[in-house]
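Engineer: Take the sequence shown: its letter number 238 is residue 238 in full-length UniProt numbering, and every next letter is one higher. C-beta atoms are modelled at their ideal positions from N, C-alpha and C, and glycine is treated no differently. Note that the structure is predicted; figures quoted are calculated from it, not measured. Sending over a structure as structure tokens; questions will come in a sec.
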Amino acid sequence: MNGPSHVFKISGRAGSSGARSARASLRGKVVLITGGAGGIGAATAERLAAAGALVSLVDRDQQALGQVVSRLGGNHLATAADVTDYTSLELAVQRTVEHFSRLDIVFACAGVGSASTVSASRTEDLLRIVDVNLGGVIRTVKATLEEVTKHGGYFLLMSSAAALKNVPRANAYAASKAGVEAFGGALRLEVAHKGVNVGVAHPAWVRTNMISGASTRAGESRSLPWPFSIVSSTDTCADLLVNAMASRRRKVFIPRSLALMDPLRWLSTGPVWDSFMKPRAALSVSRLESHACVTGE
């Protein structure tokens, strides 16, 4: 989807003095965010603007983008584009560079969730999750790589705690997020000698529209062991992501305690984990599939 860009100049809020000091390196940096019309993307944009960064927001929803940018203050950009449409991403990058004369940081945040079993899902819906979450990251990186490389910039790619564990009903979503982590790891090695850094973000549960009001998903979070059960606010998530951009971190975990599971993921993907999850999975899967219209494909 192609759409016009809009520039807004309205006064906005500033962050705390401690945050401004810690994020001084972001002042004047141009940051492109996909999925910027709401949730984590919008919250992150607000903190970046408060830190003095110049934000280029990209999303399919031009009207929602305009509302977000109008809250930021300063000289920021909103462009309608779709991460499944490479041509529209190229146009968004072109407008960003034309407007700001550079591009320093890319936050590939756009994504969609899932809460169904393979049996109860349509094939095209499962594949769309992979295309948006993984394919969208790949397209975003490809469209921005040349400009970011020119300035020795930084990529932050949105993976998930789902890449660290096996749970029912996360199937294509978890696969896509594990793919983002693997893609980011390979990209990191390819661009390191060019002065470019690559980070991967692993948020667990975050209060956004993706899970708000979904009682079954909230119940699923409570059924998981710590730290996978922790639900973070959007503000906390955005703060950690902006700090990661400021320090060009390799990994960022939300909550921070999730970092403990990175080297121990054999626990959350192995036979002991399976034994813990199987009885819970049997209940949740049976409940979901008994109310679903299952079509064989």
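Would you check whether the ligand FMN has a heavy atom nearer than 7 Å to the C-beta of D82?
Structural biologist: Because no ligand of any kind appears in the structure shown, any question about the ligand FMN cannot be addressed here.
Engineer: Can you give me the C-alpha to C-alpha distance between V148 and L89, rounded to a whole angstrom?
Structural biologist: Taking the straight line from one Cα to the other gives about 14 Å.
Engineer: Just verifying my parser: in three-state terms, what is the DSSP assignment at T208?
Structural biologist: Residue state, collapsed to three classes: coil.
Engineer: According to the neighbour-count rule (16 or more other Cβ atoms, all chains shown, within 10 Å of its Cβ), is S229 buried or exposed?
Structural biologist: With fewer than 16 Cβ atoms within 10 Å of its Cβ, S229 is classed as exposed.
Engineer: Can you grab the Cα-Cα spacing for the pair E146 / F107, in whole Å?
Structural biologist: Using only the alpha carbons, I get a separation of about 15 Å.
Engineer: Could you check the C-alpha separation between H193 and T269 for me, to the nearest Å?
Structural biologist: Straight-line Cα distance between these residues: approximately 33 Å.
Engineer: By how many angstroms is the C-alpha of L260 removed from the C-alpha of A92?
Structural biologist: If you take the alpha carbons of A92 and L260, they lie about 37 Å apart.
Engineer: Go through its chain and collect everything with a Cβ distance to A110's Cβ below 6 Å, but skip five positions before and after it.
Structural biologist: Only T34, G35, V83, G136 meet the Cβ criterion.
Engineer: In three-state DSSP terms, what is N171?
Structural biologist: DSSP places N171 in helix when its eight states are reduced to three.
Engineer: Just the Cα atoms here: how many angstroms apart are G199 and D239?
Structural biologist: If I take the Cα positions, the gap works out to 15 Å.
Engineer: Can you give the Cα-Cα distance for K87 and S160, rounded to whole angstroms?
Structural biologist: As written in the sequence, residue 87 is Thr, which differs from the Lys given in the question. Roughly 27 Å between the two C-alpha positions.
Engineer: Looking only at C-alpha atoms, which of G39, P263, L54 sits nearest to K29?
Structural biologist: Minimum Cα distance to K29 is reached at L54.
Engineer: T87 lies in the alpha helix (DSSP H); which residues open and close that run?
Structural biologist: Where T87 is concerned, the enclosing alpha helix (DSSP H) stretches over 86-100.
Engineer: Does the count of Cβ pairs from the stretch 181-190 and the stretch 124-131 closer than 8 Å reach three?
Structural biologist: Taking 8 Å as the limit for Cβ pairs, the verdict is that the stretch 124-131 does not touch the stretch 181-190.
Engineer: Please report the residue range of the alpha helix (DSSP H) in which I138 lies.
Structural biologist: Taken as a continuous stretch (DSSP letters only), the alpha helix (DSSP H) holding I138 covers 136-150.
Engineer: What separation, rounded to the nearest whole angstrom, lies between the Cα atoms of W266 and V31?
Structural biologist: In a straight line, the C-alpha of W266 is about 35 Å away from that of V31.
Engineer: Is the distance from the Cβ of A80 to the Cβ of R60 below 8 Å?
Structural biologist: Closer than 8 Å, so yes.
Engineer: In the structure shown, what three-state DSSP assignment does residue 355 receive?
Structural biologist: Nothing can be reported for residue 355: it is not among the residues displayed for the chain, which extend from 1 to 297.
Engineer: Roughly how many whole angstroms lie between the Cα atoms of F276 and C237?
Structural biologist: If you take the alpha carbons of F276 and C237, they lie about 28 Å apart.
Engineer: Quick check: the Cα distance between A45 and L57, rounded to an integer number of angstroms?
Structural biologist: So the alpha carbons of these two residues sit roughly 8 Å apart.
Engineer: Considering only the beta carbon of each residue, do T234 and R207 sit closer than 8 Å?
Structural biologist: For T234 and R207, yes; Cβs fall inside 8 Å.
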